[in-house]
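Here the sequence shown is numbered in my numbering, starting from 1 and rising by one per residue. The beta carbon of each residue, even a glycine, is placed where N, CA and C say it ideally should be. The block underneath contains the structure these notes are about, expressed in structure tokens.
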Amino acid sequence: NAAPVHSVGGQKLVAPAEAGHVSLPVRTGEELRLCHFVETAHGFPAIEDVLSGRGLERVYAWICEEAGTPAKADAAAIMSACDAGDPLAVSTVSTFVRFLGRVSGDLALNHLPFGGVFLAGGVARAMAPHFARFGFSDAFRDKGRFSDFMKNFPVHVIEDDYAALSGSAAHLSRISA
1 NAAPVHSVGG QKLVAPAEAG HVSLPVRTGE ELRLCHFVET AHGFPAIEDV LSGRGLERVY
61 AWICEEAGTP AKADAAAIMS ACDAGDPLAV STVSTFVRFL GRVSGDLALN HLPFGGVFLA
121 GGVARAMAPH FARFGFSDAF RDKGRFSDFM KNFPVHVIED DYAALSGSAA HLSRISA
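So, in structure tokens, the structure goes:
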């Protein structure tokens with residue numbers, strides 16, 4: 001999911017959000033076909049239906065179906081196959097990275113995070129080595145007349161699996177003191 005973090009009175013406030021459940025941003029006919037494919041899972045094509053571990057698996061199933069070779073694989077197998085050069089897995093990861101860039105850029109325009117965009121979780125870490133190759137930055141900044149403005153938002157990948165838990169613990173210790 002995604003949530004904005006605001007600085008308020010010297011503290012961080014994480015506003016509740018369900019940004020992962022909004023509509024998948026589609027720009028091409030190919031992406032529209034993917035949208036129709038993933039909407040069969042829940043009757044609505046949400047961002048999370050593509051940008052999650054199980055979303056990666058759905059994208060792979062769609063890529064394979066489009067290629068005429070229906071198949072399924074788990075996220076770890078897809079990433080391994082991509083690293084080994086399998087064309088269907090490479091296409092899957094490329095599609096995922098472009099959507100991640102586009103959605104992250106959309107969220108950045110919505111919230112104007114001048115302190116940066118922070119991607120967390122195992123999927124983000126697994127994708128990070130592929131960002132340059134598959135155009136994450138281009139997709140992030142592809143906002144028409146706002147493309148140059150998007151350079152104001154650095155993107156970081158959080159490596160610490162316990163960052164959210166540590167932050168929550170720190171917050172609780174401050175409010176209970």
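Let me make sure I understand the geometry here. Which of 109, 12, 49, 73 has the alpha-carbon closest to that of residue 152? Against the sequence shown, residue 152 aligns to sequence position 152. It is 109.
For the pair the stretch 36-45 and the stretch 109-128, tell me if three or more CB-CB distances fall below 8 Å. no
Pick out the complete alpha helix (DSSP H) segments inside the stretch 119-150, 4 residues or longer, and give them in chain order. 122-127, 131-134, 136-141
So residue 134 and residue 102 are in contact, right, with Cβ under 8 Å, and what is the actual spacing, rounded? Stepping through the sequence shown from its first residue, residue 134 is reached at position 134. Stepping through the sequence shown from its first residue, residue 102 is reached at position 102. About 12 Å separates the two Cβ atoms, so there is no contact after all.
Residue 57 vs residue 75 beta-carbon contact at 8 Å: Residue mapping note: residue 57 aligns to position 57 of the sequence shown, counting from 1. Residue mapping note: residue 75 aligns to position 75 of the sequence shown, counting from 1. The answer is yes: Cβ separation under 8 Å.
Can you tell me whether residue 27 is buried or exposed, with buried defined as 16 or more other CB within 10 angstroms of its CB? The residue given as residue 27 occupies position 27 in the sequence shown. Residue 27 is exposed by the Cβ-count criterion.
Please identify the residue among 12, 8, 4, 25 whose C-alpha is closest to the C-alpha of residue 18. Taking the sequence shown and counting its residues from 1, the one referred to as residue 18 is at position 18. It is 4.
Which same chain residues end up closer than 6 Å to residue 34 when comparing Cβ atoms and leaving out the 5 residues on each side of it in sequence? By one-based count along the sequence shown, residue 34 stands at place 34. Answer for residue 34: 62, listed in chain order.
Measure the CB-CB distance between residue 126 and residue 79 and report whether it falls below 8 Å. On the sequence shown, position 126 is the one that residue 126 refers to. On the sequence shown, position 79 is the one that residue 79 refers to. Contact flag set, yes.
Which residues share a DSSP beta bridge with residue 72? By 1-based counting over the sequence shown, the position of residue 72 is 72. The partner list for residue 72 (beta bridge, DSSP) is empty, contrary to what the question assumes.
At what residues does the beta strand (DSSP E) containing residue 5 begin and finish? Translated into positions along the sequence shown, residue 5 becomes position 5. Segment 5-8, the beta strand (DSSP E) holding residue 5.
Taking the C-alpha atoms as reference points, what is the distance between residue 47 and residue 8? Start at 1 with the first residue of the sequence shown, and residue 47 comes out as number 47. Start at 1 with the first residue of the sequence shown, and residue 8 comes out as number 8. If you take the alpha carbons of residue 47 and residue 8, they lie about 29 Å apart.
Are residue 50 and residue 96 touching if we call contact CB-CB under 8 Å? On the sequence shown, residue 50 is found 50 positions in, with the first residue counted as 1. On the sequence shown, residue 96 is found 96 positions in, with the first residue counted as 1. Against a cut-off of 8 Å, the Cβ pair of residue 96 and residue 50 comes out as a contact.
Check this for me: beta carbons of residue 157 and residue 130, under 8 Å apart or not? Here residue 157 refers to the residue found at position 157 when the sequence shown is read from its first residue. Here residue 130 refers to the residue found at position 130 when the sequence shown is read from its first residue. For residue 157 and residue 130, no; Cβs fall outside 8 Å.
Supposed close pair residue 88, residue 60 - CB separation, criterion 8 Å: Counting from 1 along the sequence shown, the entry for residue 88 is found at position 88. Counting from 1 along the sequence shown, the entry for residue 60 is found at position 60. Yes, residue 88 and residue 60 are in contact; Cβ-Cβ is about 7 Å, under 8 Å.
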